[in-house]
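Notes follow once the structure below has been shown.
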Amino acid sequence: MGEIPLHPAIVHLPIALGLITPLLLVVVLIGQKKLTWHKTTWLLVILSNLLIATTAFFAERSGEEDYDRVEIVVGDEPVHEHEEWGEKVLVSALTALTLSVVAYFVSGFGLVYVTLAANLVVMFLVLQAGRTGGELIYIYGGAAAHAPSPAGLQLIPEEMPTLDLENIEKELDALPEIDTLETDQ
């Protein structure tokens, strides 16, 4: 208990890149109209989309690792909603990456605008995933899943214990009989 989880450290990367990449695309579009467009400039867009997709993949995987632990604290619904937004980010980031690669190899100015539209979708989705993640922590108290417990007690088990009813019955049978104290009331 008390360790720092990996998921919050990773998720800020696709969020930041998801917000910056549409701006990068706008700069590239303006540059194409005013200057001679070089394909090397478009490689920045591909690289940015590759970084979004890669970090979104690792954010989604690290979130899967935390799911059960946080669910114990906040319940299934808010964790599931956040997970759904995260999965949408990953799919849309992979779509934007694919479009940016195709736009590099296939001439046609229209693909650049389609790539921009895809990146605007990514931007919207990372904002939603970030919002629901923030709600998990600040509204529902999900950070308690990783908080240190008092006196070193483990408040949230790593693995949920199972009851062994057979042993419990044996131990109860082995207890000495206790005379009950009768009182007048």
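Residue numbers for the sequence shown, in my numbering: -6 to 178. All C-beta atoms in this analysis are idealised placements derived from N, C-alpha and C, irrespective of residue type, glycine included.
Alpha carbon to alpha carbon, how far is residue i from residue j?
i       : j      : result
Glu64   : Ala136 : 11 Å
Phe98   : Glu57  : 35 Å
Ser85   : Met116 : 10 Å
Phe51   : Pro169 : 56 Å
Leu(-1) : Leu165 : 43 Å
Glu70   : Leu118 : 18 Å
Tyr106  : Lys32  : 16 Å
Note down, in chain order, each residue of its chain lying with its Cβ closer than 6 Å to the Cβ of residue i, except the 5 sequence neighbours on either side.
i      : result
Leu130 : Note on residue identity: the sequence assigns Ile, not Leu, to residue 130. Hits under 6 Å: Ala136.
Ala122 : Trp78, Gly79 and Val82
Ala89  : Asn42, Ala111, Asn112 and Val115
Ala49  : Pro7, Val82, Leu83 and Ala86
Can you tell me whether residue i is buried or exposed, with buried defined as 16 or more other CB within 10 angstroms of its CB?
i       : result
Ser100  : exposed
Leu36   : exposed
Ile(-3) : exposed
Ala167  : exposed
Pro15   : buried
Apart from the five residues on each side of it in sequence, which residues of its chain come closer than 7 Å, Cβ to Cβ, to residue i?
i     : result
Thr34 : Val21 and Gly24
Val72 : Tyr60, Val63, Glu64 and Leu129
State yes or no: is the C-beta of residue i within less than 8 Å of the C-beta of residue j?
i      : j      : result
Leu83  : Thr108 : no
Leu12  : Val38  : no
Ile3   : Ser41  : no
Leu10  : Leu44  : yes
Leu104 : Val95  : yes
Skipping 5 residues on each side, what residues in its chain have a beta carbon closer than 8 Å to that of residue i?
i      : result
Glu74  : Thr125
Gly134 : Val66 and Val67
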